[in-house]
Amino acid sequence: MRGNSGANLDIDLVRINELRKSYFRGEQTVTVLKGINLKVQNGGFTALMGPSGSGKSTLLNLIAGIDKPDSGRLTVSGIDITSLSESDLAEWRSQNIGFIFQFYNLMPVLTAAQNVELPLLLLNFTSKARRSRARMVLEMVGLEDRLDHYPNELSGGQQQRVAIARAIVTDPTLIVADEPTGDLDRQSASDVLDLLQRLNLEVGKTIIMVTHDIHATRSAKDVIHLDKGELVENKPLAY
Amino acid sequence: MLFILNISLKNAFRHKIRTILTLLGLAVALLAFGLLQTVITAWYSKATSASTARLVTRNATSLIFDLPIYYKDQIRGIKGITEVAHAQWFGGIYKLPKNFFPQFAVSSNYLDVYSDFILTDEKKIAWINEKRGAIVGRQLANRFNFKEGDRIQLKGTIYPGNWEFIIKGVYEGSDDTKVTDRMFFHWDYLNSYILGIPKNNLAAPNNVGVFISTIDDSRNAARISDNIDTFFKNSVAPSYTETEQAFQLGFVAMSDQIIEAIRTVSYVIVLIILAVMANTMSMSVRERTRELATMKALGFKPSFLSTLIFSESLLIALIGGSIGMLLTPPSASAFQLVTDNIFPVFAVSQKTVMLQIICASSVGVLAAIAPAINVFKIKVVDGLKTVT
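Top line first, the protein sequences correspond to chains A and B. Take the first sequence: its position 59, counted from the start at 1, is 79 in the numbering used here, and no numbers get skipped. Take the second sequence: its position 96, counted from the start at 1, is 106 in the numbering used here, and no numbers get skipped.
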């Protein structure tokens with residue numbers, strides 16, 4: 021697995037300058053992000069916190085390239101992803117981003133191993149290589165005995181670990197996690213956070229995580245607070 | 011490719027009851043379509059199995075008027091004609107009117123003209139030597155279990171009285187498409203009867219309904235037909251000559267509107283199942299909006315996701331269609347029995363099978379178009395918020 025360690029740690033993986041985003045709700049324009057400036061270091065583990073509607077998920081979606089800003093500049097590994105076409109952006113995501121969602125978003129008709137294999141379909145792996153790599157990452161997340169289980173046969177914590185395996189199987193540059201513990205009990209949430217921390221510390225993966233959970237921020241190296249679409253300095257850790 | 015097939019198959023059967031009901035609908039629709047197409051094929055079977063190398067000469071005024079028997083020698087003398095036979099419609103009833111089958115009083119050389127009816131020389135001679143002898147086609151023999159030596163009685167409608175015939179042979183068709191539901195007996199037997207009764211408008215002696223001629227080259231059919239009709243232009247009974255196929259098509263044309271109605275209904279059935287299938291696919295894809303958005307987020311392009319939807323739709327359509335196609339031949343046999351052999355040839359043709367495959371595939375493709383377009387429209391961010 022590709023690590024982001026050593027000399028590269030000094031390089032900013034994500035650079036955001038004056039990023040703005042608005043939505044139209046009927047005839048009303050709702051400004052969600054009001055000129056965000058942010059840098060995330062390579063190998064960092066950043067937690068984005070803020071109250072509902074603060075714009076943290078929108079910011080995460082923009083960084084992950086599944087949404088486009090109205091204005092501003094956003095580079096990941098030096099690539100200005102705001103200038104990419106939809107097709108190029110899809111290809112870029114397949115190679116550079118690992119997604120972890122609150123509700124796991126696994127394909128219910130596929131087994132754990134097949135779910136993990138899914139992103140590899142886009143990277144020209146042979147079926148044998150796909151299977152072997154999926155098995156390897158499922159072993160990493162402690163699910164080697166659940167390869168052929170369907171999502172509905174797994175607990176919430178196990179499903180989220182499959183989702184984490186799916187997120188890292190392509191060895192992405194950046195992992196984005198949107199409330200990864202939001203649907204889990206305390207023990208499962210703790211296991212998932214430990215796993216993310218291990219991926220960050222041992223493999224050097226850069227992680228940006230949106231969370232409401234104050235305990236979750238303890239795994240992160242940096243905590244960034246957003247409120248009403250703006251970054252807030254020295255915000256107390258309570259929402 | 012295997013992965014696409016695997017995931018398409020799994021998605022197709024995600025809601026088992028809905029998919030099974032859709033498959034059932036597809037199977038029934040394709041079966042109904044196949045049967046109706048077979049009815050159309052059967053309707054035309056006499057015409058399509060008729061030859062273009064045989065000419066039929068009838069009275070120019072109408073088929074209900076006869077032609078004098080002496081025309082036969084004159085037709086035989088026309089250049090290009092190789093053999094001439096004659097036939098007269100009999101129209102008798104076998105036991106009950108519902109047992110209708112065609113009967114013709116024919117010349118003894120009739121089977122020389124109809125080489126696609128196969129009868130051994132021995133049986134042909136036996137038939138010719140028996141004044142009341144008759145030969146029946148295989149389909150007719152099977153229908154009423156007629157055997158050689160059987161004596162059957164027909165009640166005459168045009169020619170009154172009870173007519174007894176002795177079956178001297180069962181002729182076969184040269185292939186499965188040949189209609190062998192007719193009975194032939196001697197024209198001389200009929201004519202001798204007419205000679206013995208008082209003259210009337212319905213039955214005049216020494217007349218025939220049609221002359222059937224073979225010609226040296228089917229490409230000369232039009233010219234020879236013209237020559238025959240020109241020859242009899244100013245005679246007591248002007249003639250009208252056409253190929254046997256055109257003659258048979260003339261009968262079918264009388265029921266063209268019914269055939270068109272059947273044809274239309276068969277395609278309407280396909281349209282209905284298309285609507286059902288499109289609804290199934292739309293529901294199926296709508297329920298999976300979040301999954302599709304997730305796949306888009308992972309980097310799958312809309313074209314790939316559309317391929318998944320098209321393959322799922324095609325898979326359902328082809329499975330349902332195949333069940334319908336497999337059920338068509340046995341259903342056609344049952345239909346033929348139930349309808350008391352109205353159609354002597356009621357086999358599912360290759361053309362019908364091809365049409366079934368085309369219809370099933372078209373339903374699969376067309377039903378997936380709208381859902382596939384929607385996949386292009388799904389925004390990842392909105393799709394991920396969808397509650398399923």
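All C-beta atoms in this analysis are idealised placements derived from N, C-alpha and C, irrespective of residue type, glycine included.
- In this structure, the straight-line span from the alpha carbon of residue 82/B to that of residue 233/B is close to 18 Å.
- Under the 8 Å Cβ criterion, the region 84-94 of chain B does not count as touching the region 268-283 of chain B, having fewer than three qualifying pairs.
- Here residue 71/A is exposed, its C-beta having fewer than 16 other C-beta atoms within 10 Å.
- Rounded to whole angstroms, the Cβ separation of residue 377/B and residue 287/B is 4 Å, and the two are in contact under 8 Å.
- In the three-state DSSP reduction, residue 47/A falls in the coil class, being neither helix nor strand.
- Counting only residues of its own chain and dropping the five nearest sequence neighbours on each side, residue 123/A has a CB closer than 7 Å to the CB of 203.
- Contacts between residue 129/A and chain B, judged by CB atoms closer than 8 Å, involve 17, 20, 21, 24 in chain order.
- Contacts with chain B at 9 Å (Cβ-Cβ) include residue 137/A.
- Residue contact check for residue 48/A against chain B: no CB pair falls below 9 Å.
- Of the residues 121/B, 340/B, 74/B, the one whose Cα lies closest to the Cα of residue 100/B is 74/B.
- Following the DSSP letters along the chain, one finds residue 299/B inside the alpha helix (DSSP H) bounded by residues 299-308.
- Using a Cβ-Cβ cut-off of 9 Å, residue 195/A does not count as an interface residue toward chain B, since no Cβ of chain B sits closer than that to its own.
- Membership of residue 374/B in the alpha helix (DSSP H) is indicated by the continuous run 360-387.
- The alpha-carbon of residue 158/B is positioned some 26 Å away from that of residue 170/B.
- Beta-carbon to beta-carbon, residue 179/B and residue 190/B are separated by about 12 Å, too far to satisfy the 8 Å threshold.
- Taking all protein chains in view, the Cβ of residue 97/B is crowded by 16 or more other Cβ atoms within 10 Å, so the residue is classified as buried.
- Residue 44/A sits exposed, since fewer than 16 C-beta atoms from the chains shown fall within 10 Å of its C-beta.
- Taking a 10 Å sphere around the C-beta of residue 208/B, we find fewer than 16 other C-beta atoms and assign the residue as exposed.
- In terms of Cβ geometry, residue 105/B and residue 355/B do not form a close pair [threshold 9 Å].
- No Cβ of chain B is located within less than 9 Å of the beta carbon of residue 178/A.
- In terms of CA proximity to residue 142/B, 175/B leads the group 374/B, 175/B, 72/B, 383/B.
- The beta carbon of residue 192/A is closer than 6 Å to those of 116, 117, 118 in its chain, skipping five residues each way along the sequence.
- For residue 157/A, the enclosing alpha helix (DSSP H) stretches over residues 147-160.
- From the beta-carbon of residue 111/A, the residues of chain B found nearer than 7 Å are 309.
- Listed in chain order, the positions of the region 139-172 of chain A with a beta carbon within less than 7 Å of a beta carbon of chain B are 139, 141, 142.
- A direct Cα-Cα distance of roughly 10 Å separates residue 244/A from residue 228/A.
- Straight through space, the alpha carbons of residue 250/A and residue 190/A are spaced by roughly 33 Å.
- Look at the region 128-175 of chain B and you find these whole runs of alpha helix (DSSP H), each 4 residues long or longer: 131-139, 148-154.
- With its beta carbon at least 9 Å from every one in chain A, residue 290/B lies outside the interface.
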